[in-house]
Amino acid sequence: MVNSNNNTHITSSEPVNDIRKMVYASLFAALTAIGAYITIPLGPIPFTLQVVFVLLAGGMLGSKWGSISMIVYTLLGIAGLPVFSGGASGLGVILGPTGGYIIGFIAAAFVVGFLFEKKRSEKVLINAVYVLMGSVVIYAFGLTHLMVVADMSFMQAITVGFLPFIGGALVKVAVAAYIATSYRI
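Per my numbering, the sequence shown starts with residue 932, numbered consecutively.
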């Protein structure tokens, strides 16, 4: 940036690019919050669209800004805004049985973003593998936290916190992979 005669001129597009990325990160934090309220009744257990936006944040914003968007989302919920599933909020949600999944959102956005930065493909199927890795990260954090907080065995946690959601998770992966392959920010 050059400042001469009290006129400020931007000589690099970097600050503008950073502002744009901040806006997109904020947008994905908001979309994730909105996704918590959008329930799709597929099968006996309805699912929300949160995870689609988490995975898209990584795939479209990259590791840094994708994870920042999920940090913003998480901090908004901890601060008391009703952004978590079912309109829940507060630190108690993070410390409760589902908190690991929310923390996993941050790591998943980072992992998906990292994979897209390193080996982005024009093929949906290849990108679906990257997005699937992000979903695995969410479940790894979620199930580990569930076992600790709810004092469950691994098999109990899998039965309660993973198996009922496999179908929905695969649909989310497919949707996120398709969108992230088709659109770039």
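Backbone N, C-alpha and C fix where the C-beta goes; we use that ideal spot for every residue, glycine too.
A quick note: this is a predicted structure, and the numbers were derived from the prediction, not measured.
Mind checking which residues open and close the alpha helix (DSSP H) that includes Leu1007?
Its alpha helix (DSSP H) spans residues 981-1009.
What would DSSP say about Ile969, mapped onto helix, strand or coil?
Look at Ile969 here: in three-state DSSP terms it is coil, with no helix or strand label.
Whole angstroms are fine: how far does the CA of Leu980 sit from the CA of Met953?
The alpha-carbon atoms of Met953 and Leu980 are separated by roughly 22 Å.
Look at Ala1071 and Val983 and say whether their C-beta atoms are less than 7 Å apart.
Result no, Cβ atoms of Ala1071 and Val983 do not sit closer than 7 Å.
If you follow the alpha helix (DSSP H) that Glu1048 is part of, which residue opens it and which one closes it?
Glu1048 -> alpha helix (DSSP H) spans 1030-1050.
Neighbour-count burial assignment, Ile1033, 16 or more Cβ in a 10 Å radius:
Ile1033 comes out buried.
Pairwise C-alpha distance: Ala964 and Ala988:
Going by the C-alpha atoms only, they are around 13 Å apart.
What separation, rounded to the nearest whole angstrom, lies between the Cα atoms of Ile1097 and Gly1035?
If you take the alpha carbons of Ile1097 and Gly1035, they lie about 17 Å apart.
Rounding to the nearest angstrom, what Cα-Cα distance links Val1102 and Gly1011 in this structure?
Cα-Cα distance, rounded: 30 Å.
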